[in-house]
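There are 2 protein chains.
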Amino acid sequence: MNILLDAFGGDNAPLEPIKGAIEAVKEYGVQVTLVGDEEKIRACAKENNLSLEGIGLAHAGDVMPMCADPSTVMKEHPDSSIAVGCNLLKEHKGDAFVSAGNTGALLMAASLTVRRIKGIKRAALGTLVPCQGGCYLLMDCGANAECRPDMLAQFAVMGSAYMSGVRGLERPRIGLVNNGTEENKGDSLHREAHAILKKIPINFIGNVEAREIPFGACDVAVTDGFTGNAILKLTEGLGSFFSKFLKGMFTRSTKTKLAFLMVKDGVNDFKKMMDYTEYGGAPLLGIAKPVIKAHGSSNAKAFKNAIRQAKECLEGDVIGKIETGLAQMKEQMKDLPEVPAEE
Amino acid sequence: MNILLDAFGGDNAPLEPIKGAIEAVKEYGVQVTLVGDEEKIRACAKENNLSLEGIGLAHAGDVMPMCADPSTVMKEHPDSSIAVGCNLLKEHKGDAFVSAGNTGALLMAASLTVRRIKGIKRAALGTLVPCQGGCYLLMDCGANAECRPDMLAQFAVMGSAYMSGVRGLERPRIGLVNNGTEENKGDSLHREAHAILKKIPINFIGNVEAREIPFGACDVAVTDGFTGNAILKLTEGLGSFFSKFLKGMFTRSTKTKLAFLMVKDGVNDFKKMMDYTEYGGAPLLGIAKPVIKAHGSSNAKAFKNAIRQAKECLEGDVIGKIETGLAQMKEQMKDLPEVPAEE
Numbered sequence: 001m002n003i004l005l006d007a008f009g010g011d012n013a014p015l016e017p018i019k020g021a022i023e024a025v026k027e028y029g030v031q032v033t034l035v036g037d038e039e040k041i042r043a044c045a046k047e048n049n050l051s052l053e054g055i056g057l058a059h060a061g062d063v064m065p066m067c068a069d070p071s072t073v074m075k076e077h078p079d080s081s082i083a084v085g086c087n088l089l090k091e092h093k094g095d096a097f098v099s100a101g102n103t104g105a106l107l108m109a110a111s112l113t114v115r116r117i118k119g120i121k122r123a124a125l126g127t128l129v130p131c132q133g134g135c136y137l138l139m140d141c142g143a144n145a146e147c148r149p150d151m152l153a154q155f156a157v158m159g160s161a162y163m164s165g166v167r168g169l170e171r172p173r174i175g176l177v178n179n180g181t182e183e184n185k186g187d188s189l190h191r192e193a194h195a196i197l198k199k200i201p202i203n204f205i206g207n208v209e210a211r212e213i214p215f216g217a218c219d220v221a222v223t224d225g226f227t228g229n230a231i232l233k234l235t236e237g238l239g240s241f242f243s244k245f246l247k248g249m250f251t252r253s254t255k256t257k258l259a260f261l262m263v264k265d266g267v268n269d270f271k272k273m274m275d276y277t278e279y280g281g282a283p284l285l286g287i288a289k290p291v292i293k294a295h296g297s298s299n300a301k302a303f304k305n306a307i308r309q310a311k312e313c314l315e316g317d318v319i320g321k322i323e324t325g326l327a328q329m330k331e332q333m334k335d336l337p338e339v340p341a342e343e
Numbered sequence: 344m345n346i347l348l349d350a351f352g353g354d355n356a357p358l359e360p361i362k363g364a365i366e367a368v369k370e371y372g373v374q375v376t377l378v379g380d381e382e383k384i385r386a387c388a389k390e391n392n393l394s395l396e397g398i399g400l401a402h403a404g405d406v407m408p409m410c411a412d413p414s415t416v417m418k419e420h421p422d423s424s425i426a427v428g429c430n431l432l433k434e435h436k437g438d439a440f441v442s443a444g445n446t447g448a449l450l451m452a453a454s455l456t457v458r459r460i461k462g463i464k465r466a467a468l469g470t471l472v473p474c475q476g477g478c479y480l481l482m483d484c485g486a487n488a489e490c491r492p493d494m495l496a497q498f499a500v501m502g503s504a505y506m507s508g509v510r511g512l513e514r515p516r517i518g519l520v521n522n523g524t525e526e527n528k529g530d531s532l533h534r535e536a537h538a539i540l541k542k543i544p545i546n547f548i549g550n551v552e553a554r555e556i557p558f559g560a561c562d563v564a565v566t567d568g569f570t571g572n573a574i575l576k577l578t579e580g581l582g583s584f585f586s587k588f589l590k591g592m593f594t595r596s597t598k599t600k601l602a603f604l605m606v607k608d609g610v611n612d613f614k615k616m617m618d619y620t621e622y623g624g625a626p627l628l629g630i631a632k633p634v635i636k637a638h639g640s641s642n643a644k645a646f647k648n649a650i651r652q653a654k655e656c657l658e659g660d661v662i663g664k665i666e667t668g669l670a671q672m673k674e675q676m677k678d679l680p681e682v683p684a685e686e
C-alpha cells in the first residue's frame with residue numbers, strides 16, 4: 001500500500017508533511033511517497049535532521065497557489081504537486097492521495113484525472129465533525145453549492161459507505177439536514193431528496209434539525225454544499241468563540257487561574273474532543289480512488305492521521321462499498337426517471 | 344400606545360403572558376391588552392393573586408394549536424387568539440401584536456389581515472442572536488425556505504431599519520451569509536443577491552462567512568430562510584452542547600465544584616449573554632404594523648421584553664424606516680427589471 005502525500009499543500013509545507021510521512025511509515029507500516037520539489041524536500045529534511053529513509057519521492061516542480069482559480073489546475077499548473085499527485089494516482093503509482101492544498105483544485109484535478117466512480121454525478125467533500133459521543137460525517141460541506149435531489153441521495157450512499165468502511169459502523173444512521181423533522185418540511189430540493197432517501201437501501205432516519213446534530217443525532221448529516229459549508233464554518237466559529245470565552249473566564253484573576261488548574265482535565269477533554277487533527281482530513285468521496293483533503297493548517301500529527309485515514313479507506317474498501325451501494329440504489333430506483341449526469 | 348399580547352401563545356400560557364403584561368405596564372408605562380379567553384385569564388389571575396388593574400382584555404375563545412397547519416388559521420381558527428389579535432391590529436384597536444404561538448400561523452394571519460407593507464414581496468422572521476459584543480439580527484430565519492435574490496435585498500432593507508430604529512445603530516453593517524468572502528462565491532441566488540445589495544442604499548459590508556458571525560462580523564446577517572434556520576438552530580444546539588459540557592466539567596468532583604464557585608461570575612456572564620429572554624422576541628418584518636414572535640418557551644421576563652421591543656418598534660418608527668428604505672431602493676434599482684410580487 002503506497003500513500004501519495006502532497007508535500008507542498010497547507011500552511012506548514014513542506015516540513016509538517018515530511019514529519020507526518022515519517023511518523024506514518026513508522027506507526028502504520030505503510031509506504032508513503034512525498035509529491036513535490038525533490039530538492040526542496042531533501043533540503044528541508046536535512047535542515048531539520050530528518051531521515052527520508054523508506055520514504056518515496058515523486059518530483060513536482062510547481063505548487064498550486066491556495067487562492068488560484070481551481071479550474072486552472074491542469075492547464076496552468078500541470079506540474080503542481082496536486083496535479084502530479086492525481087496523475088500518479090490515476091497511473092496506479094499510488095493507492096491514495098492526501099493533500100492539504102487548494103480544495104477546489106484537488107477536487108478538479110482528481111475529477112479530471114482519476115475520474116469519478118461510474119454513475120456518480122458529483123464528487124463531494126465529507127468532513128468528520130466532533131459531536132457528543134464521537135463524530136459525524138457532514139457532507140457535502142462545500143464542493144457543490146448547488147445540488148439536485150439525486151445528488152443528495154448519492155451523498156447519503158457515499159457517506160454510509162465511508163462510515164461503515166472506515167469508522168466500522170454497522171448501519172450508519174443517515175439524516176437529512178432540514179428545517180423540521182416532518183417529511184414535508186424544507187424547500188423543494190429537500191422534500192424531493194427526502195422522498196428518494198426513503199426508498200434507497202441505507203439506514204435513513206429522516207430529517208434532522210441542526211439543533212440536534214451536536215448531540216449525535218446522526219452518523220451522516222446529508223446536506224447541500226451551501227448549507228453544509230455554513231454548518232461547518234459556524235461549528236468552527238462557535239467552537240472558537242466558546243474557547244475564547246473559557247480562556248477569558250479562567251484568566252480573570254489569580255483565583256480563576258487556580259480554578260483552571262482544578263478543572264484542567266475537563267478543559268483538556270474538551271480540547272481533545274474538538275481537535276480536528278484527531279480525525280485526519282476530509283474524504284473527497286465519489287472519486288474512483290481514495291483522496292483525502294487535509295486541513296490547511298495541518299501539523300505532522302494531522303498529516304499522519306490523514307495518511308491513516310487513506311489506509312483505512314483502502315482497507316475498508318470504501319470505493320467498493322460505494323459501488324455496491326450505487327448498484328443497489330439503481331436497482332431500487334429503476335421506476336424513477338433517470339436524471340442526466342452533470343459535468 | 345396599546346400593545347396586544349396573545350395570552351394563549353407559548354408553553355407557559357396564560358400565566359406567564361399575564362405576569363409579563365403586568366410587569367410591562369409597571370415598568371414601561373404602556374397599555375397592554377391580553378387577547379384570549381377572558382374567563383380563563385381572569386381565573387388564572389385570581390388563582391395566582393395577580394391584579395389585572397390597568398390591563399385590557401379582548402376575548403378570543405379558541406387557541407391555534409402549535410402543530411396545526413398554519414394555512415388553516417383564518418378559516419378553521421378565526422376565533423383563535425392569533426387570528427383575533429391580528430384582526431384587532433388591523434382594525435386599529437392596538438398598535439402592535441406580540442405572540443408566542445404557532446409561528447407559521449402568526450405569519451399567515453398577519454399577512455392576511457394586517458397585510459404587508461406596500462412593495463414587500465414576503466415578510467420575514469428576524470431573530471436577535473447573541474454574539475461577541477452584543478447581538479446580531481439573523482433574517483430570514485425560517486419564514487421563507489425558498490427565496491429569490493430581490494427578497495434577500497428586501498430582508499437587508501428591513502433588517503437595517505430594525506437595527507437602526509430599535510437598537511439605535513447609526514449605520515447597521517449588513518452582511519450576506521455566503522460560503523466565501525469573494526463576490527463571485529455561492530450559488531446563483533447568493534451571487535445575484537450580492538449584486539443587488541451592492542447597489543441599494545444600505546451599509547452593505549459584503550459576504551460574511553458563518554465562522555465570523557459569532558464574533559460580531561455584522562449587525563444584520565441576511566440569508567434565505569433555509570440556511571438561516573440551520574444557523575439559528577445550530578447556534579442553539581451548540582450553545583446547549585457547550586453548557587452541558589461546562590456543567591459536566593464542574594460537577595465531576597468536590598474539587599471541580601469548588602472551582603465552579605471560583606469562576607461563577609464568568610459562567611453567569613456567559614449565561615446572561617446567551618439568554619434569549621434579554622432580547623425579547625423575533626420581529627416579523629414586512630407586515631404593515633409591528634408584530635413580534637416571542638419564543639415558545641417564554642417566561643414573564645421574555646414577554647415583558649417582547650412588549651418593550653414592540654414599544655421600541657413603534658417609537659423607532661421601524662415601519663416608516665422600512666418604507667423609506669424601500670422607496671430609496673426602488674429609486675436606485677429602476678434600471679433593473681421589476682420582479683413580480685409573489686403571494
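Here the protein sequences come in this chain order: U and Z.
Going by my numbering, the first sequence runs without a break in its numbering and finishes at 343.
Going by my numbering, the second sequence runs without a break in its numbering and finishes at 686.
The C-beta atom is built at its ideal place from N, Cα and C for all residues, glycine as well.
| query | What are the start and end residues of the beta strand (DSSP E) that includes residue 31 of chain U? | reply | 31–36
| said: Helix, strand or coil for residue 22 of chain U? Go by DSSP, reduced to three states. | reply: helix
| query | Which ranges does the alpha helix (DSSP H) cover as unbroken runs of at least 4 residues, wholly within the segment 62–96 of chain U, from first to last along the chain? | reply | 73–76, 81–90
| said: Looking at chain Z, is there any beta carbon in it that lies within less than 9 Å of the beta carbon of residue 266 of chain U? | reply: yes
| query | Based on the DSSP output, what are the partners of residue 131 of chain U in its beta bridges? | reply | U:134
| request: Would you mind reading off the limits of the beta strand (DSSP E) that contains residue 204 of chain U? | output: 203–208
| said: To be precise: take each residue of the segment 566–589 of chain Z, compare its Cβ to all Cβ atoms of chain C, and keep it if any distance is under 7 Å. Which residues remain? | reply: Annotation note: the requested chain C is absent from the structure, which comprises protein chains U and Z.
| task | Please work out which residues of its chain come closer than 7 Å, Cβ to Cβ, to residue 684 of chain Z, disregarding the five sequence neighbours upstream and downstream, and give them in chain order. | result | Per-residue confidence for residue 684 of chain Z stands at a pLDDT of 48, beneath the threshold of 50, marking its modelled position as unreliable; no derived number is given.
| said: Relative to the C-alpha of residue 285 of chain U, which candidate in U:146, U:155, U:203 has its C-alpha closest? | reply: U:155
| said: I'd like to know if residue 554 of chain Z contacts chain U, where contact means its C-beta is closer than 9 Å to some C-beta of that chain. | reply: yes
| request: Would you identify the three-state DSSP class for residue 460 of chain Z, choosing helix, strand or coil? | output: coil
| What residue from Z:676, Z:646, Z:645, Z:635 has the CA that sits closest to residue 661 of chain Z's CA? | Z:635
| Which residues, taken in chain order from the segment 645–669 of chain Z, show a beta carbon closer than 9 Å to some beta carbon of chain U? | none
| task | Count the CB pairs spanning the segment 416–435 of chain Z and the segment 369–388 of chain Z that are closer than 8 Å, and state whether there are at least three. | result | yes
| field | Beta-carbon neighbours of residue 595 of chain Z, restricted to chain U and to distances below 9 Å | value | 263, 265, 266
| task | Could you have a look at residue 266 of chain U and say whether DSSP puts it in helix, strand or coil? | result | helix
| said: Going by DSSP in three states, residue 631 of chain Z sits in which element: helix, strand or coil? | reply: coil
| request: Report yes if the C-beta distance between residue 557 of chain Z and residue 474 of chain Z is below 9 Å; otherwise report no. | output: yes
| message | Considering only DSSP beta bridges, list what residue 174 of chain U is partnered with. | response | U:204, U:220
| Within chain U, partners of residue 485 of chain Z - CB distance below 7 Å | 179
| message | Would residue 158 of chain U and residue 112 of chain U be called neighbours here (beta carbons separated by less than 9 Å)? | response | no
| Using the beta-carbon count (16 or more within 10 Å), is residue 343 of chain U buried or exposed? | Because the pLDDT of residue 343 of chain U is 41, which lies under 50, any placement of that residue in the model is unreliable, and the number read from its coordinates should be weighed accordingly. By the 10 Å Cβ count, residue 343 of chain U comes out exposed.
| message | When you compare the segment 97–105 of chain U with the segment 174–184 of chain U, are there three or more beta-carbon pairs, one atom per stretch, that lie closer than 8 Å? | response | no
| field | Through-space distance from residue 637 of chain Z to residue 601 of chain Z, alpha-carbon basis | value | 37 Å
| Can you name the residues that DSSP bridges to residue 346 of chain Z? | Z:375, Z:439
| Alpha carbon to alpha carbon, how far is residue 298 of chain U from residue 129 of chain U? | 16 Å
| field | Which residues DSSP lists as bridging residue 59 of chain U, in chain order | value | U:36
| request: Out of U:211, U:16, U:320, state which residue places its alpha-carbon closest to the alpha-carbon of residue 584 of chain Z. | output: U:211
| said: Quick check: the segment 541–555 of chain Z against the segment 192–210 of chain U, are at least 3 beta-carbon pairs closer than 8 Å? | reply: no
| query | Would you report the Cα separation of residue 400 of chain Z and residue 233 of chain U, rounded to the nearest angstrom? | reply | 47 Å
| request: Would you give the residue range spanned by the alpha helix (DSSP H) that residue 150 of chain U belongs to? | output: 149–165
| said: In whole angstroms, give me the CA-to-CA distance for residue 135 of chain U and residue 219 of chain U. | reply: 7 Å
| What is the rounded straight-line gap between the Cα of residue 736 of chain Z and the Cα of residue 613 of chain Z? | An answer regarding residue 736 of chain Z cannot be provided, because it is not within the stretch 344 to 686 covered by chain Z.
| Close-in-space but distant-in-sequence residues of the same chain around residue 103 of chain U (CB under 6 Å, 5 per side omitted) | 293
| request: Would you please verify whether the beta carbon of residue 354 of chain Z is less than 9 Å from any beta carbon of chain U? | output: no
| query | For residue 45 of chain U, which residues in chain Z fall below 9 Å Cβ to Cβ? | reply | Per Cβ cutoff of 9 Å: no residues; residue 45 of chain U is ~35 Å from chain Z at best.
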